[in-house]
Amino acid sequence: MSRTRTSDVLVIGGGIIGLVTAWRAAQRGFTTAVVDPEPGGGAAQVAAGMLAAVTELHYGEQTLLGLNLASARRYPDFAAELTDLTGHDLGYRRCGTLAVALDSDDRAHLRELHALQRRSGLDSEWLSGRECRRLEPMLAPGVRGGLRVDGDHQIDPRRLAGALVAACERAGVVFHRTWAERFDVVRDRAAGVTTANGTELGAGQVVLAAGSLSGRLTGVPDHVLPPVRPVKGQVLRLTVPKRYAPFLSRTVRAVVRGSQVYLVPRESGELVVGATSEELGWDTTVTAGGVYELLRDAHELVPGITELPLTETRAGLRPGSPDNAPLLGPTELDGLLLATGHYRNGVLLTPVTGDAMAHALTTGELPDEARPFTPKRFSAAALTEQPA
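In this text, residue positions in the sequence shown follow the working numbering: the first is 446, and each later residue adds one.
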């Protein structure tokens, strides 16, 4: 077995959440390492990159809304900082989002969502079907109305991941491109990991940021094992030929037969269509049924989509938590912190997660805006104290 390598902070997982945590930790002066066989991979390679704090609002998730908005506000400066540092174009666009209704039931639901947004102090504008089609002429003639949200932006997650890898390298983060095979505890404190090739990696603090895999690492004590489950999402990528441009000027989304569908246009001509939401364990098969349902629903929203070349089909796993909110910060095991469980908001929450984790690594506590998302809310004591 090779000798132990020691760092101040060891991040398990090199997706965008692990990378932003490592980058911000290194900026705080911590010697930092990341263990992951493919840094920059994971769910970011599938995600569409909607920064949709307003249109992603759901009933019962007002606490999460605060964190989403805090992160959305940071995105312009965050993206500019990353681009200035690395020279990478992140595909960050402030083009806005249009959520539309295709029938009377969808219209009523969208009206209720608009009322919730207004009560929550959010900026959205109700449009008639005609006004929606004036904004986006490719929309189906049956669109009954919609919500225009200019503050919901987008970014290309693949470019974001690449930029974060480059930023980490510039900051001196060490990458161990292998799997973490076993989590090591010494004298009731997190000590590091043993990798698949037998190398022991020691650290003063360990951050578990392995996305949907966070709950599967051998050796993590049961009482701090994150309650994270995989939620499968299938996504399509199409190309808009130049003769069809501009096809869409902003993200367009709707609920069709109870299923969410969105179309995210990139300046490059790529059009991302997603996404299914399937509780099927660790399956990442792209299925004919999933592709059919996405294209069928997207066609009802934007009929011209069937003329576009289909260039890629992918499936990834979102890390879901019991309340669909992230787990951030220190656990009940000394030296172990979590940054996982971001579910459908991982890309949106990247800036605020990096800041919150750097604060926690430095002070031992979460900043105020992130405290509701402590992993300790799922501890046995916390669950016992909850009212029936």
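C-beta: ideal position from N, C-alpha, C; glycine also.
Inset, instruction - Pull up the DSSP beta-bridge partners for residue 477, would you. - result: In the DSSP output, where bridge partners are listed per residue, residue 477 has 454.
Inset, instruction - Find the nearest neighbour of residue 544 within the set 615, 761, 578, judged by alpha-carbon distance. - result: Among 615, 761, 578, the Cα nearest to that of residue 544 is on 578.
Inset, instruction - Name, in chain order, the residues that DSSP records as bridge partners for residue 546. - result: For residue 546, DSSP records a beta bridge to 590.
Inset, instruction - Mind checking which residues open and close the beta strand (DSSP E) that includes residue 629? - result: Counting along the chain, the beta strand (DSSP E) containing residue 629 begins and ends at 625-631.
Legend entry - Touching by the beta-carbon criterion (3+ pairs, under 8 Å), the stretch 643-651 and the stretch 605-618: Counting C-beta pairs with one atom in each stretch, the stretch 643-651 and the stretch 605-618 have fewer than three that are closer than 8 Å, which means they do not touch.
Inset, instruction - Look at residue 756 and residue 682 and say whether their C-beta atoms are less than 9 Å apart. - result: For residue 756 and residue 682, yes; Cβs fall inside 9 Å.
Legend entry - Unbroken beta strand (DSSP E) run spanning residue 804, endpoints: Counting along the chain, residue 804 sits inside no beta strand (DSSP E); it lies in the alpha helix (DSSP H) bounded by residues 795-808.
Inset, instruction - Please state if the CB of residue 792 and the CB of residue 495 are separated by a distance shorter than 9 Å. - result: It is a contact, given that the beta carbons lie within the stated cut-off.
Legend entry - 6 Å CB neighbourhood of residue 570 in its chain, flanking five on each side removed: Cβ-Cβ distances below 6 Å link residue 570 to 593 in the same chain, with the five nearest sequence neighbours on each side left out; the list follows chain order.
Inset, instruction - Could you check what DSSP says for residue 715 in three-state terms: helix, strand or coil? - result: Shown here, residue 715 sits in a strand according to DSSP, grouped into three states.
Inset, instruction - Name, in chain order, the residues that DSSP records as bridge partners for residue 468. - result: Beta-bridge partners assigned by DSSP to residue 468: none are found.
Inset, instruction - Could you tell me the distance, in whole angstroms, from the CA atom of residue 526 to the CA atom of residue 520? - result: The C-alpha of residue 526 lies about 10 Å from the C-alpha of residue 520.
Legend entry - Sheet register partners of residue 823 (DSSP bridge): Beta-bridge pairing links residue 823 to no other residue.
Legend entry - Buried versus exposed, by CB contacts within 10 Å (16 or more), residue 710: In the assembly as shown, residue 710 is a buried residue. Its beta-carbon has 16 or more other beta-carbons within 10 Å.
Inset, instruction - Look at the Cβ atom of residue 782, then the Cβ atom of residue 805, and state whether they are nearer than 9 Å. - result: Cβ atoms of residue 782 and residue 805: closer than 9 Å.
Legend entry - Selection from 556, 554, 547 that minimises the alpha carbon distance to residue 574: Comparing Cα-Cα distances from residue 574 to each of 556, 554, 547, the minimum goes to 547.
Legend entry - Distance CB(residue 538)-CB(residue 712) smaller than 9 Å: Their beta carbons are under 9 Å apart, which means residue 538 touches residue 712 by this criterion.
Inset, instruction - With a threshold of 16 other CB atoms inside 10 Å of the CB of residue 642, please say whether the residue is buried or exposed. - result: By the 10 Å Cβ count, residue 642 comes out exposed.
Legend entry - Run of the alpha helix (DSSP H) containing residue 704, from where it starts to where it stops: No alpha helix (DSSP H) contains residue 704, which is instead part of the beta strand (DSSP E) from 704-710.
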